[in-house]
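Residue numbers (full-length UniProt numbering): 1 to 199.
Report on the following structure.
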Amino acid sequence: MTTTLSDATVLIVDDEQSLADLYAYWIDEFAEAHTAYDGTEALEELGDDIDVMLLDRRMPGLSGDEVVDAVEERGLDVRVVMVTAVDPGFDIVDMGIDDYLIKPVDQPELVDTVERMVVRSSYDDQLQEKFQLVEKKVTLEAAKTPHELEESEEYAELTRRLDAIERELDSAVEEFDDADFTVAFRELPDGGPVDSTES
1 MTTTLSDATV LIVDDEQSLA DLYAYWIDEF AEAHTAYDGT EALEELGDDI DVMLLDRRMP
61 GLSGDEVVDA VEERGLDVRV VMVTAVDPGF DIVDMGIDDY LIKPVDQPEL VDTVERMVVR
121 SSYDDQLQEK FQLVEKKVTL EAAKTPHELE ESEEYAELTR RLDAIERELD SAVEEFDDAD
181 FTVAFRELPD GGPVDSTES
């Protein structure tokens with residue numbers, strides 16, 4: 001399991017080749033980057049060696065949405081980030097994606113997102129789902145009016161799912177004893193929390 005950016009492999013998928021190549025150039029400074037210029041090529045490239053996929057949504061042939069469906073059908077353990085000019089709709093609630101970026105994006109935003117995805121790969125399934133839902137909630141709240149959010153059953157369901165997961169996680173934390181916390185923090189990718197008293 002890859003937990004550091006320098007060890008990660010990122011697949012960039014965009015039918016605009018110059019843009020895919022630019023993203024790869026940005027990412028390649030920090031991680032290994034591969035490109036695919038359509039959905040079919042993306043599925044050929046995808047395998048257990050890919051940690052993060054940056055995926056355009058609107059492409060000729062296989063769309064980004066169809067690529068996401070194929071990833072889920074294959075059961076691939078890859079973090080999927082939509083990078084697209086398509087404004088998000090409430091349909092993203094049920095999509096198997098981890099984040100949704102609106103073009104244009106710059107290098108710091110792209111690299112930061114990839115790094116967050118790599119770290120998140122070490123989390124258990126429930127915690128990963130929580131972060132997926134949080135990212136979708138933030139994306140929709142930035143794109144939709146309060147009235148649209150209030151009227152959306154998809155948004156209401158997202159909120160219910162997020163609340164349920166947070167309650168389950170809180171319950172699990174309450175059941176931890178001191179020994180559990182010691183083991184959990186020791187297994188964190190960064191070695192656990194830093195003692196604030198250290199100089």
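Glycine included, every Cβ here is placed at the ideal spot set by N, Cα and C.
- Task: Have a look at the DSSP bridge pairing and note the partners of residue 11.
- Result: 34 and 53, per the DSSP bridge assignment.
- Closest by CA to residue 102, which one among 149, 129, 54 and 69? Proximity to residue 102 across 149, 129, 54 and 69 peaks at 54, based on C-alpha coordinates.
- Can you give the Cα-Cα distance for residue 153 and residue 29, rounded to whole angstroms? So the alpha carbons of these two residues sit roughly 42 Å apart.
- Alpha carbon to alpha carbon, how far is residue 155 from residue 90? 7 Å
- Item | Extent of the continuous beta strand (DSSP E) run through residue 94 | No beta strand (DSSP E) contains residue 94, which DSSP labels as neither H nor E.
- Message: Helix, strand or coil for residue 111? Go by DSSP, reduced to three states.
- Response: helix
- DSSP three-state assignment for residue 145, whether helix, strand or coil: coil
- Query: If we count Cβ pairs, one from each stretch, closer than 8 Å, do we get three or more for the region 57–64 versus the region 106–117?
  - Reply: No, they do not touch.
- Item | Proximity to residue 83 [Cα-Cα], best of 77, 74, 70 and 59 | 59
- Item | Same chain, Cβ closer than 8 Å to residue 168, five either side skipped, listed in chain order | 126
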